[in-house]
Amino acid sequence: MNSTDIFLYLLLSFSFLVLILHLLRTTNRRKLHLPPGNLGLPFLGETLQLISAYKTENPEPFIDDRVSKYGTVFTTHVFGEPTVFSADPDINRFILQNEGRLFESSYPGSISNLLGRHSLLLMRGNLHKRMHSLTMSFANSSIIRDHLLVDIDRLVRLNMEGWTGRVLLMEEAKKITFQLTVKQLMSFDPCEWTENLMKEYMLVIEGFFTVPLPIFSTTYRRAIQARGKVAEALGLVVRARRRERKNDMLAALLDEEGGLSDEEIVDFMVALLVAGYETTSTIMTLAVKFLTETPPALAQLKDEHDEILAKKGEVETLQWDDYKSMNFTQCVVNETLRVANIISGVFRRAMRDVSIKGYTIPKGWKVFASLRAVHMDHDHFKDARTFNPWRWQVPEISSF
1306 MNSTDIFLYL
1316 LLSFSFLVLI
1326 LHLLRTTNRR
1336 KLHLPPGNLG
1346 LPFLGETLQL
1356 ISAYKTENPE
1366 PFIDDRVSKY
1376 GTVFTTHVFG
1386 EPTVFSADPD
1396 INRFILQNEG
1406 RLFESSYPGS
1416 ISNLLGRHSL
1426 LLMRGNLHKR
1436 MHSLTMSFAN
1446 SSIIRDHLLV
1456 DIDRLVRLNM
1466 EGWTGRVLLM
1476 EEAKKITFQL
1486 TVKQLMSFDP
1496 CEWTENLMKE
1506 YMLVIEGFFT
1516 VPLPIFSTTY
1526 RRAIQARGKV
1536 AEALGLVVRA
1546 RRRERKNDML
1556 AALLDEEGGL
1566 SDEEIVDFMV
1576 ALLVAGYETT
1586 STIMTLAVKF
1596 LTETPPALAQ
1606 LKDEHDEILA
1616 KKGEVETLQW
1626 DDYKSMNFTQ
1636 CVVNETLRVA
1646 NIISGVFRRA
1656 MRDVSIKGYT
1666 IPKGWKVFAS
1676 LRAVHMDHDH
1686 FKDARTFNPW
1696 RWQVPEISSF
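Quick note: the sequence shown, position 130, residue 1435 per my numbering, numbers continuous.
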């Protein structure tokens, strides 16, 4: 058999496989009352369209276009799996309230492989409850009051003192948030080690929304390699800290009842660093952007801060009471979180066939509960795409 015959044989075999997959999809859709939608190309589905949308400044059209065509619940195929997207707040609430009963946490391979199988996002059962409780304990007011505010004040001042000429805000925000997270997690002050760790983290995050096949994606391959370097560096810290304890988050992980392995701790730390590095820095940058575009909000925020500064000495640090008195600042934070939608939604997997609002979500299918779509829905927020921090001064909105 010559090369031409082999090529034709492979082409016919692939075409036959595509036809069979299409027929199976059509048959399954007829048997189950699936939400309307388009599963796209075999294997790839609509993954490339989703990735392209989320690499732009305005990713909403991927969901908006399909919502206008199919409704607030639609079927697609992304990251190698059939997925039901929900932009319906009632269905989103149902999905989240039935975690562990009807749905379980399940993220695309590109994310789960990079975070690690012991990441909080991927944990299930009792271990997830334990680690979630531990994470929440880090956020209690006494820890923030005694440690976090002091470090925020110090690190922001330290970085701003070095600002000269043109400042790239996003880069500076990333640097500050990474330094702060590393300090809270492992007690490291900014140094060459933290700078090198941050460079590897940037490569890891770039691989999140890619096709999780190293042979096809150089970005994903670099991310996997960087993840290995990060895990090795954190593993050395964990082993050293089993011999020398400090008062930080890592100490709490090492003291966790039931005992956590080095791998479990490293995966947990990887996820925490990713969360602190990417989301917080982006929120900080977008807050400045939104305020610049909304002069009245910027003026009111400045007045609130000037009033606090007038009561303090020039070098006096930010105190807990100062933070609690920033009422309009909290409105700005809430509105930035709503409009920016850094956490665009959550992935879950159906543990059995689930019927809701006349549709069936088959067992094993992924579900994406879109928070972004709800936050940008004019039925829930008046002028939803307008940055309006004053909306959070209304009691019923602030408790939404």
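Backbone N, C-alpha and C fix where the C-beta goes; we use that ideal spot for every residue, glycine too.
Nearest candidate by alpha-carbon position, reference residue i, set the options
i: Gly1345; options: Asp1627, Thr1380, Gly1414; result: Thr1380
i: Leu1454; options: Lys1687, Ile1613, Asp1626, Phe1483; result: Asp1626
i: His1452; options: Asp1393, Gln1489, Ala1528, Ala1678; result: Gln1489
i: Arg1550; options: Met1491, Pro1601, Met1589; result: Met1491
i: Trp1697; options: Trp1468, Ala1602, Gly1385; result: Ala1602
i: Ser1522; options: Ala1592, Leu1353, Ile1647; result: Leu1353
i: Arg1486; options: Val1575, Asn1343, Glu1365, Arg1462; result: The amino acid occupying residue 1486 in the given sequence is Thr; Arg does not appear at that position. The shortest C-alpha separation from Thr1486 is found at Val1575.
i: Glu1477; options: Gly1470, Asp1608, Asn1464; result: Asn1464
i: Lys1671; options: Pro1694, Asp1682, Asp1658, Gln1484; result: Asp1658
i: Met1589; options: Lys1480, Gln1530, Met1631, Lys1616; result: Lys1480
i: Ser1630; options: Glu1621, Glu1609, Thr1641, Gly1650; result: Glu1609
i: His1437; options: Glu1621, Ala1358, Ala1557, Trp1468; result: Ala1557
i: Glu1640; options: Lys1617, Ile1661, Ala1358, Arg1677; result: Arg1677
i: Val1516; options: Asp1458, Leu1419, Gln1635; result: Leu1419
i: Asp1682; options: Leu1339, His1338, Ala1358, Asp1369; result: Asp1369
i: Ser1649; options: Asp1553, Phe1367, Pro1340, Leu1339; result: Phe1367
i: Asn1397; options: His1680, Trp1695, Pro1694, Ser1447; result: His1680
i: Val1699; options: Pro1667, Leu1565, Lys1662, Gln1635; result: Gln1635
i: Glu1714; options: Ile1416, Pro1667, Tyr1664, Asp1458; result: What is shown of the chain runs 1306 to 1705, which leaves residue 1714 out entirely.
i: Thr1599; options: Pro1694, His1423, Lys1668, Leu1578; result: Pro1694
i: Leu1565; options: Gly1385, Arg1435, Leu1401; result: Arg1435
i: Thr1292; options: Ile1416, Ala1358, Gly1385; result: In the structure as shown, the chain starts at 1306 and stops at 1705, and residue 1292 therefore has no counterpart that could be examined.
i: Thr1587; options: Val1638, Lys1662, Leu1460; result: Val1638
i: Arg1261; options: Leu1555, Gly1421, Tyr1628, Val1461; result: Not covered by the structure: residue 1261. The range shown for the chain is 1306 to 1705.
i: Leu1577; options: Leu1439, Ser1447, Asn1431, Ala1615; result: Leu1439
i: Leu1555; options: Ser1442, Gly1467, Ser1447; result: Ser1442
i: Cys1496; options: Thr1469, Arg1471, Leu1460, Arg1526; result: Leu1460
i: Glu1365; options: Val1472, Ile1647, Asn1552; result: Ile1647
i: Asp1456; options: Gly1421, Val1472, Asp1553; result: Asp1553
Assigned secondary structure, residue i (DSSP; H/G/I helix, E/B strand, else coil)
i: Ala1674; result: strand
i: Pro1601; result: helix
i: Phe1493; result: coil
i: Lys1687; result: coil
i: Phe1652; result: strand
i: Thr1622; result: coil
i: Ser1566; result: coil
i: Val1659; result: strand
i: Gln1698; result: helix
i: Leu1346; result: strand
i: Thr1524; result: helix
i: Thr1515; result: coil
i: Ile1647; result: coil
i: Asn1693; result: coil
i: Asp1572; result: helix
Contact belief for residue i with residue j at Cβ below 8 Å, rounded distance in angstroms
i: Ala1655; j: Leu1407; result: 7 Å
i: Phe1633; j: Leu1606; result: 6 Å
i: Gly1350; j: Val1383; result: 6 Å
i: Leu1591; j: Ala1645; result: 5 Å
i: Val1378; j: Asp1395; result: Their Cβ separation, rounded to whole angstroms, is 10 Å, which puts Val1378 and Asp1395 out of contact at 8 Å.
i: Phe1652; j: Tyr1412; result: 5 Å
i: Ala1531; j: Glu1561; result: The pair is not a contact, with the Cβ atoms about 27 Å apart (cut-off 8 Å).
i: Phe1514; j: Ile1356; result: 5 Å
i: Leu1559; j: Arg1548; result: Not confirmed; about 10 Å, so no contact.
i: Gly1342; j: Tyr1375; result: 5 Å
i: Thr1622; j: Leu1339; result: Between Leu1339 and Thr1622 the Cβ distance is about 57 Å, and since that is not below 8 Å, they are no contact.
i: Val1593; j: Leu1401; result: Val1593 to Leu1401, Cβ: 31 Å. No contact.
i: Ile1661; j: Phe1399; result: 6 Å
### Message
Assess contact between the stretch 1533–1553 and the stretch 1386–1404, defined as three or more Cβ pairs (one per stretch) separated by less than 8 Å. Is contact present?
### Response
no
### Query
Is the stretch 1558–1576 in contact with the stretch 1496–1505, if contact means three or more CB pairs nearer than 8 Å?
no
### Message
Across the stretch 1686–1698 and the stretch 1392–1412, are there enough close Cβ pairs to call them in contact, namely three or more that are closer than 8 Å?
### Response
no
#### Entry: Secondary structure, alpha helix (DSSP H): runs of 4+ residues fully inside the stretch 1461–1507
1474–1491
### Three CB pairs or more closer than 8 Å across the stretch 1577–1586 and the stretch 1504–1517
yes
#### Entry: Ordered list of alpha helix (DSSP H) runs contained in the stretch 1370–1426, each at least 4 residues
1394–1402, 1414–1420
### Three or more C-beta pairs below 8 Å linking the stretch 1422–1429 and the stretch 1530–1537
no
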